[in-house]
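Some notes on the structure that comes next.
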Amino acid sequence: MDLHDWALRFDLLADPTRLGLLAHMHERGPGAATVTDLAAAVGITGNAASQALRVLREQGWVTAERDPADGRVVRYSLVDQTVHRILHLMGARHD
Numbered sequence: 001m002d003l004h005d006w007a008l009r010f011d012l013l014a015d016p017t018r019l020g021l022l023a024h025m026h027e028r029g030p031g032a033a034t035v036t037d038l039a040a041a042v043g044i045t046g047n048a049a050s051q052a053l054r055v056l057r058e059q060g061w062v063t064a065e066r067d068p069a070d071g072r073v074v075r076y077s078l079v080d081q082t083v084h085r086i087l088h089l090m091g092a093r094h095d
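Taken in order, the sequence shown gives residues 1 to 95; the numbers are from the UniProt record's numbering.
What follows is the structure, encoded as structure tokens:
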């Protein structure tokens, strides 16, 4: 068990903004959530959402892919399975 890794995970999850973004991505499903969607769901600005998403991408928790139909739109997905399981333990469900 890597205590440092777990402490970092819990530190990132302790932020209500990041946790809200992760929960909304989980609910929407892979590749469905845009920055605009996520910002609205959490009640923050697009800039604040982008900054929080950058941290989550750097940790490898989420991915960002350009929408093939509109290359200006970026869609986010939760990819870290440990975070996925933690969200389920917290009561998150899939649509």
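Cβ atoms here follow ideal geometry from the backbone N, Cα and C, with glycine treated the same way.
For the UniProt domain "HTH arsR-type" (1 to 95), list the beta strand (DSSP E) runs that are entirely contained and at least 3 residues long, ordered along the chain. 62 to 66, 74 to 78
For Arg-66, which option in Leu-87, Asp-2, Val-74 has the closest C-alpha, if you only look at C-alpha atoms? Val-74
Which residue from Gly-71, His-26, His-4 puts its Cα closest to that of Gln-81? His-26
Close beta carbons around Ala-39, own chain, < 8 Å, minus the five adjacent residues each side: Answer for Ala-39: Thr-45, Gly-46, Ala-48, Ala-49, listed in chain order.
Got a sec? Which residues, its chain only, sit under 6 Å from Arg-72 by beta carbon, not counting five neighbours each side? none
Should Thr-36 be labelled buried (16 or more other beta-carbon atoms within 10 Å of its own) or exposed? exposed
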